[in-house]
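These notes concern the structure reproduced below.
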Amino acid sequence: MATILVFSERDELAWELLGKAGELGREMGLGVAAAALGAADPQAYVTRGAAAVYTSRNDELQTFEASVYAQALSQVAQQAEAAVILIGSTRRGKELAGRLAQKLNAGCITDADTLELKDGQLLCTRNSLGGATVATQSITTGIQVISVNPGVGEPVNSGEAGQVIEVELSLKPARVKVVEKSDKGQGSVDIEGAEVLVCVGKGLARQEDLKMIEELAEALGGLVACSKPIATDEKWLPEERIVGLSGKIGKPTLAICLGISGQVQFTVGIRDAKTIVAVNNDQNAFIWQMTDYGIVGDLNEVVPRLTAALKG
Ligand SMILES: Cc1cc2nc3c(=O)[nH]c(=O)nc-3n(C[C@H](O)[C@H](O)[C@H](O)COP(=O)(O)OP(=O)(O)OC[C@H]3O[C@@H](n4cnc5c(N)ncnc54)[C@H](O)[C@@H]3O)c2cc1C
Numbered sequence: 281m282a283t284i285l286v287f288s289e290r291d292e293l294a295w296e297l298l299g300k301a302g303e304l305g306r307e308m309g310l311g312v313a314a315a316a317l318g319a320a321d322p323q324a325y326v327t328r329g330a331a332a333v334y335t336s337r338n339d340e341l342q343t344f345e346a347s348v349y350a351q352a353l354s355q356v357a358q359q360a361e362a363a364v365i366l367i368g369s370t371r372r373g374k375e376l377a378g379r380l381a382q383k384l385n386a387g388c389i390t391d392a393d394t395l396e397l398k399d400g401q402l403l404c405t406r407n408s409l410g411g412a413t414v415a416t417q418s419i420t421t422g423i424q425v426i427s428v429n430p431g432v433g434e435p436v437n438s439g440e441a442g443q444v445i446e447v448e449l450s451l452k453p454a455r456v457k458v459v460e461k462s463d464k465g466q467g468s469v470d471i472e473g474a475e476v477l478v479c480v481g482k483g484l485a486r487q488e489d490l491k492m493i494e495e496l497a498e499a500l501g502g503l504v505a506c507s508k509p510i511a512t513d514e515k516w517l518p519e520e521r522i523v524g525l526s527g528k529i530g531k532p533t534l535a536i537c538l539g540i541s542g543q544v545q546f547t548v549g550i551r552d553a554k555t556i557v558a559v560n561n562d563q564n565a566f567i568w569q570m571t572d573y574g575i576v577g578d579l580n581e582v583v584p585r586l587t588a589a590l591k592g
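Quick note on numbering: the sequence shown equals residues 281 to 592 in our numbering.
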């Protein structure tokens, strides 16, 4: 039976995708399979909705290298008779999707935000034209490779256990060797999963002023994030804190934008927030087009007062 095959190097994302694959599989008459390649515990996949969970002990899979994983996944895809391959749209996942599609001579869509079956066709929506618009796209080749953003599916806990299938893979070694690994350190944060994001932009005059932004974030139980120039030009915050097209896309309950003009490359990262609040001294800034609440003013005056009010 042809299948929807799911892979992500992040287990939780793979489980979300298995939930979505289950829905689509029922509509499309396809089975659901998972490639638990490199997963620490393939058994953790068996009740997540996949009828077959493919694993391998091949040493080449110990470290993620996209060219090797593309070889592995293309071999698993053949065994699983995959018609649709859903890959978690992480940085690694996107590279893998492109390489895999090339190997399978398949069409590829990356960064899908929604997946929906309409008139027998799988439709994906994704940001287009630098985030200025949302395009609906579909793949016309026999095999479809789609990298899917977090939050599209819900993990399921199925009563039925899938079958774990260990596969023999023939893999050419990676041409890139990992010589050292190190932790990202204390700065490592999960912008995508945060409920409250306090985003700061070029309206911040000095690096020392980040302290007041951190205090506001702390008072709200949120995380500090930033527009791109704060990380890439000023280097005041690590790049993993960037929100937007070249950074992280969040779906927080509350996003506060401080001294951010609201260019589309930034706003794609927070436009799905439930409530958007901005502080900006320019009453004509683009950011007002998407805010629920706003204060026209100097963030240096407004932020400490907000923090003080929250602390009561
Ligand atoms: C291919 C591409 C990808 C990109 N990807 C991203 C991305 O992922 N994320 C991203 O953020 N950008 C991205 N950019 C850059 C983006 O186009 C903007 O340049 C950037 O978002 C602007 O950042 P900003 O709003 O902080 O700065 P600015 O546009 O300079 O805005 C600063 C704002 O602060 C206000 N301000 C100034 N002083 C104060 C004060 N004291 N109090 C209150 N308000 C004040 C100003 O009125 C202004 O509105 C990308 C660009 C390209 C071309």
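Heads up, the beta-carbon is just placed ideally off N, CA and C, and yes, glycines get one too.
Computed from a predicted model, the values in this text were never measured in an experiment.
- Comparing alpha-carbon positions, the option among 427, 394, 437, 422 lying closest to residue 416 turns out to be 394.
- By the Cβ test, the stretch 334 to 354 is not in contact with the stretch 398 to 413, since fewer than three Cβ pairs between them sit closer than 8 Å.
- Per DSSP, reduced to three states, the secondary structure at residue 362 is strand.
- Between residue 433 and residue 296, the beta carbon gap of about 4 Å places them in contact (Cβ cut-off 8 Å).
- Within 6 Å of the C-beta of residue 473 there is not a single heavy atom belonging to ligand 1.
- Per DSSP, reduced to three states, the secondary structure at residue 293 is helical.
- Close CB contacts of residue 586 within its chain, under the 7 Å cut and outside five residues either way in sequence, are with 496 (chain order).
- Under DSSP, residue 396 shares a beta bridge with 403.
- By the criterion of a C-beta distance shorter than 8 Å, residue 574 is surrounded in its chain by 557, 558, 559, 560, 567, 568, once the five residues flanking it on both sides are discounted.
- Per the DSSP secondary-structure output, residue 573 pairs in a beta bridge with 557.
- Within the DSSP bridge table, the entry for residue 522 names 506 as partners.
- Beta-bridge analysis with DSSP links residue 408 to 413.
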